[in-house]
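Engineer: Sending over a structure as structure tokens; questions will come in a sec.
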Amino acid sequence: MKTRKRVQNERYATALRSVICEMFLARGDGHIGGSFSIADVMAVLFNGRLRKEPEDWFVLSKGHAGPAYYAALYLEGKITDQDLLTLNANGTILPSHPDRNLTPGVQCSTGSLGQGISQAVGIAYANKLKHTGARIYCIVGDGELNEGETYEALEFASNKKLDNLVIFIDSNKKQVDGLVEEVSCAYRYDALFAGLQLPMNIVAGNDPQAIEQLLDHMEEHQTGECHVIVLDTVKGKGIAYFEQAPNCHHVTFSDAEKDLLAQYIKENEGAVRDVLEITG
Ligand SMILES: Cc1ncc(C[n+]2csc(CCOP(=O)(O)OP(=O)(O)O)c2C)c(N)n1
Ligand SMILES: [Mg+2]
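Using full-length UniProt numbering, the first residue of the sequence shown is number 1, and each one after it goes up by one.
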């Protein structure tokens, strides 16, 4: 079943990045690298793929990319303009990492790496046992794979044949303090997921059309297994300066960097308007 899109996914991803820039400008700092690298997959999911009935689940296991989640909830009308500008401030409903008890629309609290994917497999198993028909989508960071707990979750997903679960790995090649391959591991994803007996695809992760086509194909050719999609992405994707920066994991923005955020908003303000006009 093809999903019906309200605006082009590319336009939606631009709107997401623009809203993220607004939050960061108000706050003065933030996890820009990992929020920008997933904007394209977030656009595919939130621009029409996540269903309300039965209600699909979204789990942002790499919870430090919370601003990307909040931007999507803002475009859905769940977060007000006023709240949007309170990212990580005292008393905010938008803490740095998602909290299901604080933010309307957040389904799962995450931020302690490894624990989001662990919740996702539990949610998928429960939904499978109950035959709800809900699908579960989870995004894991490549650095997050350093957490041993992620393998327990993947083993469980394989063993229980969680065919209602799609796990995305955001392979942006960088983690908090450097290149993933230098800090801990140069992943051989093909060997890794073959060993876990999980079907895996690698896709251009900053190309919404490629992601969409793969998800459509998977739905048309069900395998009865949990699928892993490795998103080949660029950390900071969307603003060349951050893409090229040696480290854009968490940035306290200088005046020049704030200007870049403001410039992105200015150049793309039409994208946010387009999405909001259509969603009302
Ligand atoms: C259990 C745990 N240990 C450490 C951290 C601190 N931490 C936050 S982000 C991060 C690096 C994550 O790297 P990656 O998954 O590659 O994130 P991305 O590149 O997508 O931003 C670390 C170590 C944490 N959030 N949770
Ligand atoms: Mg990473």
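Ideal Cβ placement from N, Cα and C applies to all residues, glycine included.
(1) Given a cut-off of 8 Å, decide if Gly-28 and His-250 are closer than it, judged by their beta-carbon atoms.
(2) Which of helix, strand or coil does DSSP assign to residue 293?
(3) Give me the pocket residues for ligand 2, defined as CB within less than 7 Å of any heavy atom, sorted by chain position.
(4) Should the segment 10–26 be regarded as contacting the segment 180–198, the criterion being three or more beta carbon pairs within less than 8 Å?
(5) Whose C-beta lies closer than 7 Å to the C-beta of Glu-243 among residues of the same chain, with five residues either side of it excluded?
(6) In three-state terms, what does DSSP make of Gly-63?
(7) Within its chain, find whatever has a CB closer than 7 Å to the CB of Met-1; leave out the 5 residues flanking it on each side and keep chain order.
(8) Any idea what DSSP makes of Ala-204, helix, strand or coil?
(9) Short of 6 Å in beta carbon distance, which residues of its chain neighbour Asn-9, apart from the five on each side in sequence? Order them along the chain.
(10) If you follow the alpha helix (DSSP H) that Asp-99 is part of, which residue opens it and which one closes it?
(11) Note down the Cα distance separating Glu-267 from Asn-201, rounded to an integer number of angstroms.
(12) What do you get for Pro-95, buried or exposed, if any count of 16 or more other CB atoms within 10 angstroms of its CB means buried?
(13) Using CA coordinates, which residue listed in Lys-78, Ala-186, Thr-132, Pro-199 is at the minimum distance from Ala-157?
(14) Based on Cα-Cα distance, which residue from Ala-39, Phe-253, Glu-182, Gln-82 lies nearest to Gly-143?
(15) When you compare each of Asn-247, Asp-81, Leu-16 to Gly-33 by their alpha carbons, which one comes out closest?
(16) Is it buried or exposed for Ala-65, if we count other Cβ within 10 angstroms and need 16 for buried?
(17) Does the segment 159–174 come close enough to the segment 127–143 that 3 or more CB-CB pairs lie under 8 Å?
(18) In whole angstroms, what separates the C-alpha of Lys-173 from that of Gln-197?
(19) Which value, in whole angstroms, describes the spacing of the CA atoms of Ile-79 and Pro-104?
(20) How many Å lie between Thr-150 and Gln-107 at the Cα?
(21) Are the CB atoms of Trp-57 and Ala-153 within a distance shorter than 8 Å?
(22) Between Asn-206, Asp-81, Phe-168, Gly-270, which has its C-alpha nearest Asp-40's C-alpha?
(23) Do you know offhand how far Val-7's Cα is from Arg-49's?
(24) Between which two residues does the beta strand (DSSP E) harbouring Val-230 extend?
(25) Please classify residue 287: is it buried, with 16 or more other beta-carbons within 10 angstroms of its beta-carbon, or exposed?
(26) I need the DSSP call for Val-176, collapsed to helix, strand or coil.
(27) Given a cut-off of 8 Å, decide if Val-272 and Ala-68 are closer than it, judged by their beta-carbon atoms.
(28) How many Å lie between Tyr-12 and Val-275 at the Cα?
(29) Kindly list the residues whose CB is nearer than 7 Å to the CB of Ala-262, restricted to its own chain and excluding five residues on each side of it in sequence; keep chain order.
Structural biologist: So, from the data block:
(1) no
(2) The shown model of the chain, from 1 to 280, leaves out residue 293, and the question about it has no answer.
(3) Gly-34, Gly-141, Asp-142, Gly-143, Asp-170, Asn-172, Lys-173, Lys-174, Gln-175, Val-180, Lys-235
(4) no
(5) Val-234, Gly-236, Lys-237
(6) helix
(7) Any reading at Met-1 is ruled out, since the residue's pLDDT is 41, under 50, leaving its predicted position unreliable.
(8) strand
(9) Ala-43, Val-44, Asn-47, Pro-208
(10) It is not in any alpha helix (DSSP H) - Asp-99 carries neither H nor E in the DSSP assignment.
(11) 34 Å
(12) buried
(13) Pro-199
(14) Glu-182
(15) Asn-247
(16) buried
(17) yes
(18) 23 Å
(19) 7 Å
(20) 20 Å
(21) no
(22) Asn-206
(23) 13 Å
(24) 227–232
(25) The structure shown does not extend to residue 287, since the chain spans only 1 to 280, so no value can be given for it.
(26) coil
(27) no
(28) 7 Å
(29) Leu-25
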